[in-house]
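Accompanying notes for the structure given below.
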Amino acid sequence: MTRFLFILIGFLAILSISACSDRYKPFRSNYTFKSENGAPDYTNLNYWAAHPGKIDPSDSVPAPLRKDPRDTVADVFFVHPTTFTKKEDFSRSNAAIDDDYINAKTDYSTILLQASAFNQYGRVFAPRYRQAHIGNFYSADSVAASRALALAYQDVRSAFIYYLEHYNQGRPIVLASHSQGALHTIWLLKEFFENKPLQKQLVAAYVVGWPLQQKTLTQIPICKTPEQTGCVCSWRTFKQDYLTPGVKKENERGDAVQVTNPISWNTDTTFISRKNNKGAVLTRFNRIFPKPADAQINSGVLFTKKPQFPWSFLYKTSNYHIGDINLYYVNIRENVATRIQHFQNNKTQSQASH
């Protein structure tokens, strides 16, 4: 027992040291570019966190998956979540586009650990943008918060237009996003896809970590099967029976939030065991943790029992927002491939019939 306590104390000390260190600082020297006017220039690859024209963390594949077949038959437009989070920075409202620390943090957190889940059959494009500070989502000043989010979307929109005009060339499109990025992606869907010609190119949109109300997209359905295309997948992950005050208010208002189960890829309330979860990718990118979390839709969210991975007993939170994608990484990766393949098959059959 004493030996176990010494081991545990040592491990906690290592955790404490790790928490005090900052793994992004060593990468800051890679981001020395400066914007002349404070705005992004999407003709310059520096203003893309991920782009097929350069080597970046989105190209990474976890070691156990490197023998899987790969192709670039589709394009993935990924909008990253909030990485502008330091409390002392809230006075700025929006991140500077050339902030070396934020760009390093973005690339070696969300681009590496989230965007890479979508790279098996697609070229990944992920713009840098003047993201709204995380404090805007909790601010009592709704006008200032709306202004910050509008500026962020202005950049995402500009990047998407540049992508369409210079890179897409009629290729199938997968939209992928998390948290703040998911909000901007919903706006992209409404502005560029819904009832527009571009809707025919939509393989699927993964709008994760943000509530998708049924009334938001009336012409683009929620994905209800693993093979369905032209649809949207969305979920927010919480510990079994835990709801935030915000989610409780949604339910009281009757917001009718749509949810896709990222293991079964349907929308019913069936409990799906973690035995069907093919693996999570957490902070150790080259290690896949098998069967980490189950999944069940209820109350407008995705519930899971406490995730199972080494040292998960130290993981005390009940809001698994940060793990929305990572807890289901391998299932997501395989599902993107499935939808792209079905999109291509449907396109081939349609062309053959004309």
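Adding 652 to a residue's 1-based position in the sequence shown gives its number in the numbering used here. Note that CB positions come from ideal geometry on N, CA and C, so glycine has one too.
The region 746-762 makes no contact with the region 850-865, as fewer than three CB pairs between them are under 8 Å. Leu816 and Asp693 have their C-alpha atoms roughly 15 Å apart. Boundaries for Thr684: no alpha helix (DSSP H) harbours it, and the DSSP string shows neither H nor E there.
A straight line joining the alpha-carbon of Gln910 with that of Asp711 spans about 31 Å. The DSSP-derived three-state label of Ser745 is coil.
C-alpha of Ala715 to C-alpha of Arg936: approximately 11 Å in a straight line. DSSP places Ile874 in the strand class (E or B) of the three-state scheme.
Burial of Tyr781 is indicated by the presence of at least 16 other C-beta atoms within 10 angstroms of its C-beta. Rounded to whole angstroms, the separation of the alpha carbons of Asn998 and Lys738 is 46 Å. Classified as buried, Pro709 has 16 or more neighbouring CB atoms from the shown chains inside 10 Å of its CB. When the five nearest sequence neighbours on each side are left out, the beta carbons in the same chain lying within less than 6 Å of the beta carbon of Ser768 are those of Ser710, Ser712, in order along the chain. The alpha carbon of Asp741 has as its nearest neighbour, out of Ser925, Asn788, Pro704, the alpha carbon of Asn788. Measuring C-alpha to C-alpha distances from Phe777 to each of Ile874, Leu765, Leu841, Ala701 identifies Ala701 as the nearest.
In terms of Cα proximity to Ala945, the closest of Asn938, Pro959, Ser951 is Pro959. Under the three-state reduction of DSSP output, Gln766 falls in the coil class, being neither helix nor strand. Each of Ser951, Leu934, Gln1001, Asp807 was checked against the Cα of Gly975, and the nearest Cα belongs to Leu934.
Leu827 is positioned such that its CB atom lies closer than 8 Å to that of Tyr858.
If you draw a straight line from the Cα of Lys968 to the Cα of Pro733, it is about 22 Å long. In this structure, Gly931 sits away from Phe923, with a CB-CB distance that is not shorter than 8 Å. At a Cβ-Cβ threshold of 8 Å, Arg888 and Gly861 count as neighbours.
Around the beta-carbon of His818, fewer than 16 other beta-carbon atoms lie within 10 Å, marking it exposed. About 5 Å separates the CB atoms of Gln766 and Ile977; that is less than 8 Å, so the two are in contact. Taking the Cβ atoms as the reference, Val899 lies roughly 25 Å from Val808, outside the contact range of under 8 Å. In summary, Trp963 is exposed, with fewer than 16 beta-carbon neighbours lying within 10 Å of its beta-carbon over all protein chains present. Per DSSP, the continuous beta strand (DSSP E) segment holding Ile825 begins and ends at 825-830.
Segment contact: the region 890-897 against the region 869-879, fewer than three CB-CB distances shorter than 8 Å; contact not assigned.
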